[in-house]
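K.L.:
Residue numbers (the working numbering): 60 to 155.
C-beta: ideal position from N, C-alpha, C; glycine also.
One structure, pasted below without further comment.
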């Protein structure tokens, strides 16, 4: 299954989910991770279910996809990171 995140701000990425049974959880974690990164980048920090305020503050210099991928890794969800390609048809877009 191919899942992407797009937002109109060039913070786009995709993953190939290797276990489709984890799709709902993966989408939730991707959304949480990118939201945490945006909070750090825009100084609008709110804790999330899996990240504390201190965790999020530390994300300021991370890449925008790193917090999402860190959560997928933490929950042992198998995936392959991919660059977003507008010519690919994705199964799910968790972005805007």
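(1) Which residues mark the beginning and the end of the beta strand (DSSP E) in which residue 73 is found?
(2) In chain order, what residues of the same chain have a beta carbon less than 6 Å from the beta carbon of residue 148, not counting five sequence neighbours either side?
(3) Grab me the residues of residue 112's own chain with a C-beta within less than 6 Å of its C-beta, minus the 5 sequence neighbours each way, in chain order.
(4) Let me check you understand the geometry: is the CB of residue 70 closer than 7 Å to at least one non-hydrogen atom of the ligand NAD?
(5) Run through DSSP, which three-state label would residue 62 get?
P.N.:
If we stick to the structure as given:
(1) For residue 73, the enclosing beta strand (DSSP E) covers residues 72 to 76.
(2) Annotation for residue 148: no residue places its beta carbon closer than 6 Å to its own, counting only its chain and skipping 5 residues before and after.
(3) 104, 106
(4) The ligand NAD is not among the ligands present in this structure, which contains no ligands whatsoever.
(5) strand
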